[in-house]
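Asker: Line by line, the protein sequences are chains P and U. For the first sequence, numbering that gives the first Met the number 0 begins at 0 and goes up steadily by one. For the second sequence, numbering that gives the first Met the number 0 begins at 0 and goes up steadily by one.
Number of protein chains: 2
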Amino acid sequence: MNEPFRKPDFGLEWLDADGPHADIVLSTRVRLARNLQGYAYGSRARVNDREAVYKTVQAAVDPVATFEGAEMLQMRKLGERTRRIFLERRLVSRDLLGPDPSTAPTGAAVVVSERDPLSLMINEEDHLRLQSLMSGLRFTEAWSVVDRLDDEIGQNLSYAYHHQFGFLTSCPTNAGTGLRASALVHLPGLVLTKEIERVLQGLAQVGLTFRGLYGEGSEVVGNFFQISNQTTLGKSEEDLIDHLERIVGTVIQTELQARQVLIRDAAAVTEDKIWRAYGLLRYARSLTFEELMNLLSGVRLGVSLKLLPDLRVYTLNKIMILSQAAHLDEAAGRELSTPERHAHRAEYVRRMLETEGSAA
Amino acid sequence: MNEPFRKPDFGLEWLDADGPHADIVLSTRVRLARNLQGYAYGSRARVNDREAVYKTVQAAVDPVATFEGAEMLQMRKLGERTRRIFLERRLVSRDLLGPDPSTAPTGAAVVVSERDPLSLMINEEDHLRLQSLMSGLRFTEAWSVVDRLDDEIGQNLSYAYHHQFGFLTSCPTNAGTGLRASALVHLPGLVLTKEIERVLQGLAQVGLTFRGLYGEGSEVVGNFFQISNQTTLGKSEEDLIDHLERIVGTVIQTELQARQVLIRDAAAVTEDKIWRAYGLLRYARSLTFEELMNLLSGVRLGVSLKLLPDLRVYTLNKIMILSQAAHLDEAAGRELSTPERHAHRAEYVRRMLETEGSAA
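The following block contains the structure:
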């Protein structure tokens, strides 16, 4: 089969930075967890179940307009590097790929829409995971496209549903609406002013939680925080979405205030920090992903504060995704050693900053 | 009187980097200490002595061809900032300026030749300090111009001389020839390969010593070491000069070998270090002098290794001298605060790197 990511922007429309507050909110994600009646799900699912689910969902997806022309990509049939690329693009989860990087679980698959920012994972923790990923703060919009897809697919499937608990899911925290929504926000102002702890504690008090860039268990790097709801039970989807939109909106305002404080009280130090980050990205010959993320954080703040006017958030987003290990290996056409990868990463970053925006 | 340093290169010909091994040897300095018969010297000298010495030397210097057209500049008559600029240019010593920065000791003066890399300090630790400062490794040449000047001036003066001890000096370590010769060498290769300790211990074994950039008691910054003879007694000037030329030559060879080792065993790490230093100098908005020296050290190594082909050692030398505090104050036309100075320094460095050599 074709390697779908050879389309350079495959599944990466959200990098465009065309959504509201896109300099602060890298992306909004909304996903629904669904399971099929009559098949075991989660860790209880056997190979038989997984195969049957795959076939049933394939048949259900086929007539769905959103996925017109899209292939259902079985993880097993893709090369290991391609799977890693899908993960780096946030098109699939670690759970979908399973514990053994050399293969992938039976029936694990993804469909990525060609027309909408929508995808569907099959045989992840739940049978179906419907997901929308959009640039900027767009909970309502992302929810509405996922909801529509859920309606379309749901017509052709019998979902596991309980009159009291709602949609049944592999992990009880997802039961009810099966909805999890999150925004990936960049909060360097709150980190630099040391207000971040207070803000994160505030999130817990309103039923929200945060993670790093790559979901559950991932560490915060580059001042990127993924803010999401903790539970889905007992609230309507619309309430959850409204709540998140409002709270994340407040976080953005707090971040903007922190930036004003920085500009007022520590303009020189902040500018120096930003330009040093730019200088290192522009000239370093070796970069780890973590250092890159931290430097990109500084430069992103600079673009947001209009200190680096010729550079676009889009370029920074692209660097962040395309300079990850599997993407670099793919560009090199081979498995790079760790030092080689750091060198290739630095070279890629230099080339991007030279061609997609120079600064004084 | 005129502010002589307004000639932008006043006393700075040695920055030209036209001497042998000028990428490693910033400068060679040879100085002779002389005292006049009949006047107390050093800490025993009273105001009367100092005034008389000043006048006697002035009369003796007047007919000397080397100083044709040169003014004898009394430190007291210069502004405080001008004195600091002279110090930063290595035209005068801390000793000449005395302990109180707002004034200067009676009779303390300097004459700087317009045609040769020669200067003469009056009423420093000794009555006369004749000095030559040249680019590169040039002990023999520097010695010969100082020796000639000594002959010229000596005809008009009666030096304090003892048939057994030779020329008498304020500090006994200078007695004998009164000669001290030094080379300011840049040894990043030996520092990075951790061989520097061994080399410095070797110097002590052959009667040499090392200091930082600004002489006695000054710390090593930016991997610059000032290597000089420890005593002058009991050896001819020619022997001392030959010895230094040979030993410093060996140090240079050891440094070059260390650089080969770096290129062979740690090329990627070394290149990365060099380019990061360049990137920070190119974009930082605030630089302390110490950080600047450390970054310049990396960039200088890069120029020397031909990694930064469009940048000249001359530019780096100039940055090093002209970005010091008094020079920055002078350029700004006022006394800068410390944070302002760091900002002006960074701005000056950026401008120099932009206009006097860009790198890929």
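Glycine included, C-beta positions come from ideal geometry on N, C-alpha and C. The model shown is predicted, which means the values in this text are computed figures rather than measured ones.
Check whether chain P comes within 8 Å of P381(U), counting only Cβ atoms and requiring the distance to be less than that.
Answerer: Only positions 0 to 359 of chain U appear in the structure, and residue 381(U) is not among them; the question remains open.
Asker: Residue range of the alpha helix (DSSP H) that F9(U) falls in?
Answerer: F9(U) -> no alpha helix (DSSP H), and no H or E assigned at all.
Asker: Here's a check: name, in chain order, each residue in its chain whose Cβ is nearer than 7 Å to the Cβ of M0(P), leaving out the five neighbours to either side.
Answerer: For M0(P), the predicted model reports a pLDDT of 43, less than 50, meaning its position is unreliable and no value from the coordinates is stated.
Asker: May I have the straight-line CA-CA distance separating A359(U) from S131(P), to the nearest angstrom?
Answerer: Residue confidence is low: A359(U) scores 45 on pLDDT, short of 50, so the model does not pin down where it sits. No coordinate-derived value is stated.
Asker: Please list the terminal residues of the continuous beta strand (DSSP E) segment that includes A265(P).
Answerer: Where A265(P) is concerned, there is no enclosing beta strand (DSSP E), given that its DSSP letter is neither H nor E.
Asker: Taking only runs of the alpha helix (DSSP H) that begin and end inside the region 131-196 of chain U, which ones reach a length of at least 4 residues, in chain order?
Answerer: Listed in chain order, the complete alpha helix (DSSP H) runs (minimum 4 residues) inside the region 131-196 of chain U are 138-153, 187-191.
Asker: If you draw a straight line from the alpha carbon of K317(U) to that of G297(P), how long is it in whole angstroms?
Answerer: Near 31 Å, if we compare the C-alpha coordinates of G297(P) and K317(U).
Asker: For V312(P), collect the residues of the same chain with a Cβ closer than 8 Å to its Cβ; drop the 5 residues on either side in sequence, then sort them by chain order.
Answerer: Hits under 8 Å: A16, A21, D22, R299, V302, S303.
Asker: Give every residue of the same chain whose Cβ lies closer than 6 Å to the Cβ of D48(P), excluding the five residues on either side of it in the sequence, and list them in chain order.
Answerer: Result list for D48(P): Y38, A39, in chain order.
Asker: Rounded to the nearest angstrom, what separates K6(U) and L352(P) at their Cα positions?
Answerer: Taking the straight line joining both Cα atoms gives about 40 Å.
Asker: Quick check: is the beta carbon of R275(U) nearer than 8 Å to any beta carbon in chain P?
Answerer: Chain P, which has a Cβ nearer than 8 Å to the Cβ of R275(U), makes this yes.
Asker: Which residues in chain P sit within 7 Å of G278(U), going by Cβ to Cβ distance?
Answerer: Per Cβ cutoff of 7 Å: G278, L279, R281, Y282, A283.
Asker: Counting pairs of beta carbons, one from the region 63-74 of chain U and one from the region 99-117 of chain U, are three or more of them closer than 8 Å?
Answerer: Flag = yes, the region 63-74 of chain U and the region 99-117 of chain U touch.
Asker: Any residues in the region 257-276 of chain P with a beta carbon nearer than 7 Å to a beta carbon of chain U? Which ones, in chain order?
Answerer: Within the region 257-276 of chain P, the residues whose Cβ lies closer than 7 Å to some Cβ of chain U are A267, E270, D271, W274, R275, listed in chain order.
Asker: Apart from the five residues on each side of it in sequence, which residues of its chain come closer than 8 Å, Cβ to Cβ, to Y158(U)?
Answerer: Correct list, in chain order: R33, N34, L35, Q36, F166.
Asker: Taking DSSP as the reference, what is the three-state secondary structure of T208(U)?
Answerer: Strand, per DSSP.
Asker: Considering only C-alpha positions, which residue in the set V220(P), D238(P), T253(P), V184(P) is nearest to L178(P)?
Answerer: Answer by Cα proximity: D238(P).
Asker: Using three-state DSSP, classify N222(P) as helix, strand or coil.
Answerer: Here N222(P) sits in coil by DSSP.
Asker: For I320(U) and E87(U), which I take to be in contact (beta-carbon distance under 8 Å), what is that distance rounded to the nearest angstrom?
Answerer: Rounded, the Cβ-Cβ distance is 6 Å, consistent with contact.
Asker: Return yes when the Cβ of R83(P) is within less than 8 Å of the Cβ of A325(P), no when it is not.
Answerer: Yes; because the gap between Cβ atoms is below 8 Å, this pair is in contact.
Asker: Who are the near neighbours of R137(P) in its chain, counting only those whose CB is closer than 8 Å to its CB and skipping five residues on each side?
Answerer: Closer than 8 Å at the Cβ level, and outside the excluded window around R137(P), lie G18, P19, T27.
Asker: Which value, in whole angstroms, describes the spacing of the CA atoms of L186(P) and E254(P)?
Answerer: If you take the alpha carbons of L186(P) and E254(P), they lie about 6 Å apart.
Asker: Quick check: the Cα distance between D61(U) and E140(U), rounded to an integer number of angstroms?
Answerer: If I take the Cα positions, the gap works out to 24 Å.
Asker: Residues of chain U with a CB under 7 Å from the CB of A58(P): which are they?
Answerer: What A58(P) touches in chain U: nothing, since even the nearest Cβ is about 53 Å away.
Asker: Could you give the residue range of the alpha helix (DSSP H) that holds V91(P)?
Answerer: Here V91(P) belongs to no alpha helix (DSSP H), and DSSP marks it neither H nor E.
Asker: Between I308(P) and chain U, is there a C-beta pair that is closer than 8 Å?
Answerer: Note that residue 308(P) is Pro in the sequence shown here, rather than Ile. With 8 Å as the cut-off, P308(P) does not count as an interface residue toward chain U.
Asker: So if I threshold CB-CB distances at 8 Å, which residues from the region 327-356 of chain P count as touching chain U?
Answerer: Taking 8 Å as the Cβ-Cβ cut-off against chain U, the residues of the region 327-356 of chain P that qualify are P338, A342, A345.
Asker: Is the beta carbon of L291(U) less than 8 Å from the beta carbon of V198(U)?
Answerer: Contact: no.
Asker: What residues in its chain sit with their C-beta under 6 Å from that of A59(P), if we drop five residues either side in the sequence?
Answerer: The answer, listed in chain order, is I152, N155, L156.
Asker: Can you list, in chain order, the residues of its chain with a C-beta nearer than 7 Å to that of S361(P)? Leave out the 5 residues immediately preceding and following it.
Answerer: A question about residue 361(P) goes unanswered here, because the residues of chain P that appear run from 0 up to 359.
Asker: What is the residue span of the beta strand (DSSP E) that L117(U) lies within?
Answerer: Note, L117(U): beta strand (DSSP E), 117-121.
Asker: For S134(U), is the beta carbon positioned less than 7 Å from some heavy atom of the ligand ATP?
Answerer: Summarising the ligand content, the structure contains no ligands, and the ligand ATP is consequently not present.
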